[in-house]
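Quick notes on the structure that follows.
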Amino acid sequence: MTQASARHILVDDEAKCEELKKEIEGGRDFAEVAKEHSNCPSGRQGGDLGTFGPGQMVPEFDKVVFSGDLNKVHGPVKTQFGYHLLEITHRS
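Per the working numbering, the sequence shown runs over residues 1141 to 1232.
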């Protein structure tokens, strides 16, 4: 079965998500931004979500994680929880 590892940053609004994406693309460390800004408890671990398979996350998340480019910041991705930036760190 396909497995992926990813990290994410969760915020309340799309504008904040876009702002953080620009910071990361400008050279800021994803994990540091997650620790400072993410509303998800995973933010304390730099946004690390560990390893998971298809169907274990919300559909909007799965779509990006199982089809997007590795080691690239994806988003904003809107889910029922808010707006996410995603970085796929591994997929097999």
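Don't be surprised by glycine CBs; every beta carbon is placed ideally from N, CA and C.
In this structure residue 1189 is in contact with residue 1182, their Cβ atoms being roughly 6 angstroms apart against a cut-off of 8 angstroms. Of 1174, 1229, 1150, 1161, the smallest CA-CA separation from residue 1191 is found for 1229. Residue burial annotation: residue 1227 is buried, with at least 16 other C-beta atoms found within 10 angstroms of its C-beta. Leaving aside the five residues that flank residue 1154 on each side, the residues in its chain whose CB is nearer than 8 angstroms to its CB run, in chain order, 1216, 1218, 1223. Every unbroken stretch of the beta strand (DSSP E) spanning 3 or more residues and falling wholly within the region 1178-1220 is given here in chain order: 1188-1192, 1213-1219.
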